[in-house]
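Trainee: My structure is below; once you've seen it, I'll send some questions.
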Amino acid sequence: KQEVTQIPAALSVPEGENLVLNCSFTDSAIYNLQWFRQDPGKGLTSLLLIQSSQREQTSGRLNASLDKSSGRSTLYIAASQPGDSATYLCAVKGNTDKLIFGTGTRLQVFP
Amino acid sequence: EPEVTQTPSHQVTQMGQEVILRCVPISNHLYFYWYRQILGQKVEFLVSFYNNEISEKSEIFDDQFSVERPDGSNFTLKIRSTKLEDSAMYFCASRATLDRGWYNEQFFGPGTRLTVL
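Respectively, the protein sequence lines represent chains P and C.
Per the numbering used here: the first sequence = residues 1 to 111.
Per the numbering used here: the second sequence = residues 112 to 228.
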């Protein structure tokens, strides 16, 4: 059974720092991995989708990498801003048409 | 930019009552999903729907739950007799059908917060 874990559970950093969020999954047989942002009490905003055949994807200040064989993905946020404060979720799609979510990393960027 | 919409944003109901949560997926999408997130817990898959039938459901999706696509635009989740433990945020999602099949991403709505008293 696929298990997705994210560390750290919470992170508080000063504005301007570059930071890395980690996601690990137990079954490497995945089709893709999505990173989402969730603001308190709000929905899920898709940030990046990385296919199983890809090593990384970039969007603006965000860069996601995938190492399928080791069951890991990282989300790199460059030059963090207070507006980046949110919970970041990773989710994997295996051989069925559903996403399995991680526990999330709650990020706070203070001015 | 096209987006998934959900109504209502917040629903309060008494235990044992029926509720219907509504979703309008992105217009050219053909795969639809419901997920839920109990406060402080992970987002969990409930059901996927394609070609007017359920393609997969989780253990959570028991006989109290049903889904329907009543017309060409809406996708609904019905809970027949709500329980206290059904209190959660319910998310609808949709996905396009492209040549890459399962490789394309799911887009989520803003959610409906269901509170069962």
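We put the CB at the ideal spot given by N, CA and C, even for glycine.
Taking Cβ-Cβ distances shorter than 8 Å, what residues in chain P pair up with Q217/C?
Mentor: Correct list: Q34, S46, L99.
Trainee: Got a sec: which bits of the stretch 132-144 of chain C sit with their beta carbon under 9 Å from any beta carbon on chain P, in order along the chain?
Mentor: The stretch 132-144 of chain C vs chain P, Cβ under 9 Å: Y142, Y144.
Trainee: Mind checking P136/C: buried by the 16 CB within 10 Å criterion, or exposed?
Mentor: Buried.
Trainee: What residues in its chain sit with their C-beta under 7 Å from that of V109/P, if we drop five residues either side in the sequence?
Mentor: Here the set comprises V13, E15, S80, Q81, P82, D84, S85.
Trainee: Going by beta-carbon coordinates alone, are R106/P and A10/P separated by less than 8 Å?
Mentor: The answer is yes: Cβ separation under 8 Å.
Trainee: Under 8 Å Cβ-Cβ, which residues of chain P neighbour S159/C?
Mentor: Correct list: D97, K98.
Trainee: Excluding the 5 residues flanking Q128/C on each side, which residues of the same chain have their C-beta closer than 7 Å to its C-beta?
Mentor: Once the five neighbours on either side are set aside, the close Cβ partners of Q128/C are T193.
Trainee: According to the neighbour-count rule (16 or more other Cβ atoms, all chains shown, within 10 Å of its Cβ), is E155/C buried or exposed?
Mentor: E155/C is buried by the Cβ-count criterion.
Trainee: In the stretch 151-176 of chain C, which residues sit with their C-beta less than 7 Å from some C-beta in chain P, listed in chain order?
Mentor: Cβ contacts with chain P come from K153, V154, F156, S159, S166, E167.
Trainee: Look at the alpha carbon of P8/P and the alpha carbon of P181/C, and state the distance between them as a whole number of angstroms.
Mentor: Distance between the alpha carbons of P8/P and P181/C: 43 Å.
Trainee: Measure the beta-carbon distance from G220/C to Q117/C and round it to whole angstroms, keeping in mind my assumption that it falls under 8 Å.
Mentor: Going by Cβ atoms, the distance from G220/C to Q117/C rounds to 4 Å, so yes, they are a contact pair.
Trainee: What residue range does the beta strand (DSSP E) around T74/P cover?
Mentor: 72-77 is the extent of the beta strand (DSSP E) around T74/P.
Trainee: Using a Cβ-Cβ cutoff of 7 Å, what residues of the stretch 49-67 of chain P are near chain C? List them in chain order.
Mentor: Those residues of the stretch 49-67 of chain P that come within reach of chain C (Cβ to Cβ, closer than 7 Å) are L49, Q51.
Trainee: By alpha-carbon positions, which one of E196/C, D174/C, D173/C, F202/C ends up nearest to F186/C?
Mentor: The shortest Cα separation from F186/C among E196/C, D174/C, D173/C, F202/C belongs to F202/C.
Trainee: Using a Cβ-Cβ cutoff of less than 6 Å, which residues in the same chain neighbour T3/P once the five nearest sequence positions on both sides are dropped?
Mentor: One detail in the question is off: residue 3/P reads as Glu in this sequence, not Thr. Answer for E3/P: T26, listed in chain order.
Trainee: Considering P14/P, what are the terminal residues of the beta strand (DSSP E) in which it resides?
Mentor: From DSSP, the beta strand (DSSP E) with P14/P extends over 10-14.
Trainee: From the DSSP output, in three-state form, read off D67/P for me.
Mentor: Here D67/P sits in strand by DSSP.
Trainee: What residue does the beta strand (DSSP E) around F101/P start on, and which one ends it?
Mentor: Note, F101/P: beta strand (DSSP E), 99-101.
Trainee: With a threshold of 8 Å between beta-carbons, can P181/C be considered close to chain P, or not?
Mentor: No, no contact with chain P.
Trainee: Please tell me whether L89/P has its Cβ less than 8 Å away from any Cβ of chain C.
Mentor: Closer than 8 Å: yes.
Trainee: Please report the straight-line C-alpha distance between L47/P and E56/P, rounded to a whole angstrom.
Mentor: L47/P and E56/P: Cα-Cα distance of roughly 13 Å.
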